[in-house]
Amino acid sequence: MYSVKILIAGGDGFCGWPTALYFSERGHEVAILDNMVRREWDVELGTQSLTPIASIEERISAWKEITGKTITLFRGDLQDYEFVHESFKAFEPEAIVHYGEQRSAPYSMIDREHAVFTQVNNVVGNLNVLFAMKELVPDCHLIKLGTMGEYGTPNIDIEEGYIRIEHKGRVDVLPYPKQPFSFYHLSKVHDSHNIMFACKSWGIRATDLNQGVVYGLWTEETKRDERLYNRIDYDGVFGTALNRFCIQAAIGYNLTVYGKGGQTRAFLDIRDTLQCVELAALHPADRGEFRVFNQFTEQFSVLQLAERVQRVAAEMGLTVSIDHLENPRVEKEEHYYNAIHTKLLDLGLQPHLLSDELIRDLIETAERYRDRIQTNVIAPTATWR
Ligand code: NAD
Ligand code: USQ
1 MYSVKILIAG GDGFCGWPTA LYFSERGHEV AILDNMVRRE WDVELGTQSL
51 TPIASIEERI SAWKEITGKT ITLFRGDLQD YEFVHESFKA FEPEAIVHYG
101 EQRSAPYSMI DREHAVFTQV NNVVGNLNVL FAMKELVPDC HLIKLGTMGE
151 YGTPNIDIEE GYIRIEHKGR VDVLPYPKQP FSFYHLSKVH DSHNIMFACK
201 SWGIRATDLN QGVVYGLWTE ETKRDERLYN RIDYDGVFGT ALNRFCIQAA
251 IGYNLTVYGK GGQTRAFLDI RDTLQCVELA ALHPADRGEF RVFNQFTEQF
301 SVLQLAERVQ RVAAEMGLTV SIDHLENPRV EKEEHYYNAI HTKLLDLGLQ
351 PHLLSDELIR DLIETAERYR DRIQTNVIAP TATWR
C-alpha cells in the first residue's frame with residue numbers, strides 16, 4: 001500500500017476526526033483543515049456532543065503522545081480564499097477529503113439566515129477548494145462528501161450518479177435527476193454541479209461520495225483514549241435517526257419517529273465511512289473524471305430502525321415506546337426506494353452491517369454519559385413549511 005499526503009477538510013467533525021486518525025494510523029501524511037464552527041453551533045443551539053470531546057489541539061497532541069504520529073492543523077475558514085490558498089501551498093496535498101460543510105438539513109431550514117449561510121458556506125467553500133486545486137495542485141484528487149439525499153425518493157431505482165436515457169430515438173448517459181430534501185441537501189447538488197464542471201473544464205480529478213446517514217460512534221483509533229473520543233449528536237437539529245433513537249432509548253425518551261416512519265433511507269456504519277474514503281483515496285479518479293459512488297451499505301425505513309432499537313433495548317431490560325410525531329419535514333412517508341451501491345463493493349468494501357451489538361453499545365455509551373443529555377433539545381424544532 002502506498003502513502004498519500006491527505007488533507008481532511010472538516011477534520012474536527014464527526015466523520016472527519018476518525019478519518020484523520022484512520023489515515024494517520026495507516027502511515028499516510030495527514031493534515032486537518034477546520035474552523036471549529038461546528039463547536040460554535042453547539043453553543044448557538046444550547047447543546048453538546050453526548051461524549052465529552054477534547055479541543056482540536058488536545059486531540060492532536062494526545063495522538064502524537066500515544067502513537068508518535070504527527071497531524072498538521074490548518075485552522076481557518078474554507079470561505080477565506082487566502083487561507084485556503086496558503087494551506088494548500090504549505091501542505092501540497094495529493095488527496096483532499098472534503099467534509100467541511102454545514103451538514104444538518106434542519107439547521108438549513110430554521111430561517112432565511114440559516115438557509116443562506118448553509119448554501120454560501122458550502123458552495124463558496126467548495127469553490128475555493130476547486131480554485132486552489134486548479135492553481136496549486138492540479139493533479140490532486142478531490143474526495144468530496146455528497147449525500148444520498150441529493151437524489152430524493154424517485155419512483156425508479158437510483159443509479160450511481162448517472163443514468164442512461166433514451167429520448168426521441170437518441171441515447172445519452174446523463175447526471176441522475178436530483179430532487180433534494182432541504183436547502184442543505186440542495187447545497188450538495190450545487191457542489192456536485194460545480195465539481196463536474198471543474199473536472200470537465202480544468203481536468204480536475206474528483207470522486208463525489210453520495211453518502212447515506214452515518215450511524216455509530218466508535219472506531220479503533222477514537223476509543224483508544226478519552227482525549228481521542230469522537231463527537232456524537234442527539235439533538236433535534238444535528239442528531240440523526242439511528243444514533244438519536246439509541247440515545248433516546250437509554251434515557252427512556254419516547255423514540256421520535258416523524259410521521260408514519262415509512263421514510264426509507266440509505267445507512268452505513270461510521271467504520272465503513274472510513275473504509276470507503278480510503279478506497280476512493282487509494283483508487284483515484286482519472287484526470288478530468290467526475291466519478292460518483294453511492295456510499296452506504298443498507299436501506300432501512302425510520303420505523304424499522306425504531307422497532308429494532310426498541311427490541312434491543314427490551315433485551316437490556318429497558319422499556320421504550322415509539323411516538324409518531326407530526327412530521328416537521330416535507331417528505332414522502334411511504335415510497336419506493338432502491339438505490340444501487342456496487343462501485344465501492346467492487347473496490348473491496350467489507351461492510352459492517354447493522355448489528356444488535358452496535359445498538360447495545362450505543363445505548364450503553366448513552367447510559368454512561370446520561371448526565372450530559374439535555375432532554376429539552378431532543379424534540380425537532382425547525383419546520384419545513
Ligand atoms: P460535522 O458537522 O460533524 O463536521 C463538519 C466539520 O466541518 C466541522 O468540524 C466544522 O467545523 C467544519 N466546517 C464546516 N464549515 C467549515 C468551513 N467553512 N471552513 C472550515 N471548516 C468547516 O459533520 P459530519 O457529520 O462529520 O459530516 C461530514 C460531511 O459528510 C458533511 O459534508 C456531510 O454533508 C457529509 N455527510 C454526513 C452524514 C452524516 O450522517 N453525518 C451523512 C452523509 C453525508
Ligand atoms: N427522522 C425521524 N426521527 C428523527 C430524526 C429523523 O423520523 O428523530 C427521519 C427524517 O424525517 C428523515 C430520516 O429520518 O426522513 C433521516 O433524517 P436524519 O436527520 O437522520 O438525516 P438527514 O436529515 O437526511 O441528514 C443526515 C445528515 C446529512 C446527510 C444525510 C444523508 O445530517 O449530513 O447528508 O443524513 S441522506 O439522508 O442520505 O441524505
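Here the UniProt record's numbering is used: the sequence shown runs in plain steps of one and ends on residue 385.
All C-beta atoms, glycine included, are put in the ideal place defined by N, C-alpha and C.
Relative to the ligand USQ, is the shortest distance from any of its heavy atoms to the C-beta of residue 102 smaller than 6 Å? no
Go ahead and label residue 135 buried or exposed: buried means 16 or more other beta carbons lie within 10 angstroms of its beta carbon, across all protein chains shown. Per the 10 Å Cβ criterion, exposed.
So does residue 319 have its beta carbon nearer than 6 Å to some heavy atom of the ligand USQ? no
My output table needs one value for residue 39: the three-state DSSP class, helix, strand or coil. helix
Contact under 7 Å by Cβ, residue 213 with residue 241: yes
Using 7 Å as the threshold, is the C-beta distance between residue 130 and residue 31 below it? No, the pair does not count as a contact, with Cβ atoms beyond the cut-off.
Taking the beta strand (DSSP E) that residue 29 falls in, what are its first and last residues? It spans 29-34 - the beta strand (DSSP E) in which residue 29 sits, taken as one unbroken run.
So, are the CB atoms of residue 448 and residue 6 less than 7 Å apart? Only positions 1 to 385 of the chain appear in the structure, and residue 448 is not among them; the question remains open.
Indicate, with yes or no, if the ligand NAD has a heavy atom lying under 6 Å from the CB of residue 157. no
State yes or no: is the C-beta of residue 234 within less than 7 Å of the C-beta of residue 247? Yes, the pair counts as a contact, with Cβ atoms nearer than the cut-off.
Might you give, ordered along the chain, the residues of its own chain that have their beta carbon closer than 7 Å to the beta carbon of residue 352, omitting 5 neighbours on each side? 269, 271, 272
Cβ pair residue 205, residue 287 closer than 7 Å: yes
Could you compute how far the alpha carbon of residue 142 sits from the alpha carbon of residue 4? So the alpha carbons of these two residues sit roughly 13 Å apart.
Using a 10 Å radius around the Cβ and a threshold of 16 neighbouring Cβ atoms, would you call residue 47 buried or exposed? By the C-beta density criterion, residue 47 is buried, having at least 16 other C-beta atoms within 10 angstroms.
Just curious, the beta strand (DSSP E) that residue 146 is in, first and last residue? Start and end: 141-147.
According to the neighbour-count rule (16 or more other Cβ atoms, all chains shown, within 10 Å of its Cβ), is residue 336 buried or exposed? Classification for residue 336: exposed.
Examine the ligand USQ and report whether any of its heavy atoms sits within less than 6 Å of the Cβ of residue 339. no
Can you confirm whether residue 86, when its beta carbon is compared against all beta carbons of chain C, has any partner nearer than 7 Å? No chain C appears in this structure, which consists of one protein chain only.
Contained beta strand (DSSP E) runs [length at least 3] in the region 237-302, N- to C-terminal order: 255-258, 264-269, 290-295, 298-301
Extent of the continuous alpha helix (DSSP H) run through residue 361: 356-368
Does the Cβ of residue 83 lie closer than 6 Å to at least one heavy atom of the ligand NAD? no
By Cβ distance below 6 Å, which residues in the same chain neighbour residue 380 in space, the five residues on each side in sequence not counted? 236, 328
What first and last residue would you give for the alpha helix (DSSP H) that runs through residue 4? No alpha helix (DSSP H) holds residue 4; DSSP gives it neither H nor E.
Less than 6 Å between the CB of residue 131 and some heavy atom of the ligand NAD, yes or no? no
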